[in-house]
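J.: Per UniProt numbering, the very first residue in the sequence shown carries number 1; after that it's consecutive.
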Amino acid sequence: MSFYNNSSYGLEGERLPVYLISFHYSLHIGDCIEDLGPCRGFWQFPMERYCGMLIPLISSRKLPYVNLINNVLLQERFKYLQFLPTYDEKVFSNFKEKEKAWPSHRVKSSIVYDNQYEFYSPCVNCKLTKNEAIKLKQCYAAIFQKNARDIRDIEESYMKYGKLRTKDGNIVSSKWWKKENDSSRNDYCVAINLTIDEQEEETFGQVEYFMLHNMQNQERMFAYIRKIKKLEKNIGNLKFFDCFGPLQYVEVIGIDRTVGFFEVYDKKNYYIIDKYANW
Numbered sequence: 001m002s003f004y005n006n007s008s009y010g011l012e013g014e015r016l017p018v019y020l021i022s023f024h025y026s027l028h029i030g031d032c033i034e035d036l037g038p039c040r041g042f043w044q045f046p047m048e049r050y051c052g053m054l055i056p057l058i059s060s061r062k063l064p065y066v067n068l069i070n071n072v073l074l075q076e077r078f079k080y081l082q083f084l085p086t087y088d089e090k091v092f093s094n095f096k097e098k099e100k101a102w103p104s105h106r107v108k109s110s111i112v113y114d115n116q117y118e119f120y121s122p123c124v125n126c127k128l129t130k131n132e133a134i135k136l137k138q139c140y141a142a143i144f145q146k147n148a149r150d151i152r153d154i155e156e157s158y159m160k161y162g163k164l165r166t167k168d169g170n171i172v173s174s175k176w177w178k179k180e181n182d183s184s185r186n187d188y189c190v191a192i193n194l195t196i197d198e199q200e201e202e203t204f205g206q207v208e209y210f211m212l213h214n215m216q217n218q219e220r221m222f223a224y225i226r227k228i229k230k231l232e233k234n235i236g237n238l239k240f241f242d243c244f245g246p247l248q249y250v251e252v253i254g255i256d257r258t259v260g261f262f263e264v265y266d267k268k269n270y271y272i273i274d275k276y277a278n279w
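(1) Counting Cβ pairs closer than 8 Å, one from the segment 161 to 173 and one from the segment 144 to 153, do we hit at least three?
(2) Please classify F23: is it buried, with 16 or more other beta-carbons within 10 angstroms of its beta-carbon, or exposed?
(3) Which residue wins for smallest C-alpha separation from N125, given the options Q116, A142, D114, E156?
(4) One question on the structure: do R220 and V112 come within less than 7 Å of each other, judged by their Cβ atoms?
(5) Roughly how many whole angstroms lie between the Cα atoms of P122 and E208?
(6) In terms of residue numbering, what span does the alpha helix (DSSP H) encompassing A133 cover?
(7) Out of K229, I255, R257, V66, point me to the one whose CA is closest to F244's CA.
(8) Identify every run of the beta strand (DSSP E) within the segment 239 to 267, keeping only runs that are complete inside it and at least 3 residues long; order them along the chain.
(9) From which residue to which residue does the alpha helix (DSSP H) around Q75 run?
(10) Could you check whether the segment 248 to 260 touches the segment 130 to 144, counting it as contact only if at least three pairs of C-beta atoms, one from each stretch, sit closer than 8 Å?
(11) Considering only C-alpha positions, which residue in the set F119, V190, C139 is nearest to W102?
(12) S173 and Y158 - do their beta-carbons sit closer together than 7 Å?
(13) From M1 to R257, what does the alpha carbon distance come to, in whole angstroms?
(14) I need the straight-line Cα distance from residue 281 to Y80, nearest angstrom please.
(15) Check the C-beta distance from I192 over to F204 and give it rounded, since I have them as a contact under 8 Å.
(16) Is K275 helix, strand or coil by DSSP?
(17) To the nearest angstrom, how far is the alpha carbon of N234 from that of K227?
(18) What does a CB cutoff of less than 6 Å around E263 pick up in its chain, not counting 5 residues either side in sequence?
Now the structure itself:
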């Protein structure tokens with residue numbers, strides 16, 4: 001007691017109430033206090049949070065501790081009911097979240113990707129332009145490991161979507177959706193992992209839109225991305241580029257994460273803000 005009194009609040013008696021709750025519980029963990037020092041630095045906040053969780057369970061002033069124990073015991077026994085099939089069906093069936101079936105123009109996934117990726121509205125039906133058809137053939141040629149001239153009978157119609165949810169649960173937007181909505185977030189800049197000549201390569205770009213396309217009775221999910229032209233690094237190992245390159249279709253499995261592009265006007269460069277790589 002004297003050790004704790006001298007090292008904690010002995011010189012500031014007026015602050016004694018601050019430590020009362022922590023010290024009450026710390027009496028049971030004296031060895032920890034002796035090893036780590038005054039409990040105010042290690043136990044005050046978690047103990048206050050713990051007490052804050054327990055206080056609402058007490059409604060009796062006459063027997064508060066008995067009331068607390070009964071309510072904790074009641075909650076624990078109630079939770080165990082879900083392990084008994086008979087009671088689980090009767091008691092918890094109305095509280096369980098039911099999977100909602102969304103129309104395809106609102107949410108769309110594909111079994112090609114084990115339904116791990118989802119496109120979100122807005123959604124419109126479009127047709128490929130001549131230039132888009134050429135780029136899509138090049139993408140299919142890479143997927144099927146064929147020559148682009150061997151890719152024939154490309155379906156002209158496709159569904160354009162505004163957003164993507166990756167398998168990690170991250171939401172990626174598009175410039176097309178940005179034009180339709182007044183949003184201050186430019187979350188359409190992405191890091192892309194591509195395999196070129198059996199070598200993995202990371203690059204960056206801006207998503208123009210997302211596309212669901214049917215090929216050989218399979219619905220494939222693509223992003224139409226304007227890639228950066230050349231990735232460079234400065235002395236501080238920060239990534240930057242000076243201009244954008246051509247447009248290209250990329251399967252959604254190649255989209256790794258969202259990043260930011262910070263334009264420096266006087267140097268005419270774009271710095272890549274990537275919390276996973278820069279820090």
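Where a beta carbon is used, it is the ideal one built from N, C-alpha and C, also for glycine.
T.: With the given structure in hand:
(1) no
(2) In this prediction, F23 has a pLDDT of 44, which is less than 50 and means its spatial position is unreliable; nothing more can be read from the coordinates.
(3) E156
(4) yes
(5) 14 Å
(6) 130 to 144
(7) K229
(8) 239 to 241, 244 to 251, 255 to 258, 260 to 264
(9) 64 to 80
(10) yes
(11) F119
(12) no
(13) With a pLDDT of 46 at M1, under the threshold of 50, the modelled position of that residue is not reliable, and no figure is offered here.
(14) In the structure displayed, the chain extends from 1 to 279; residue 281 sits before or after that span and is not available.
(15) 7 Å
(16) coil
(17) 20 Å
(18) Y270
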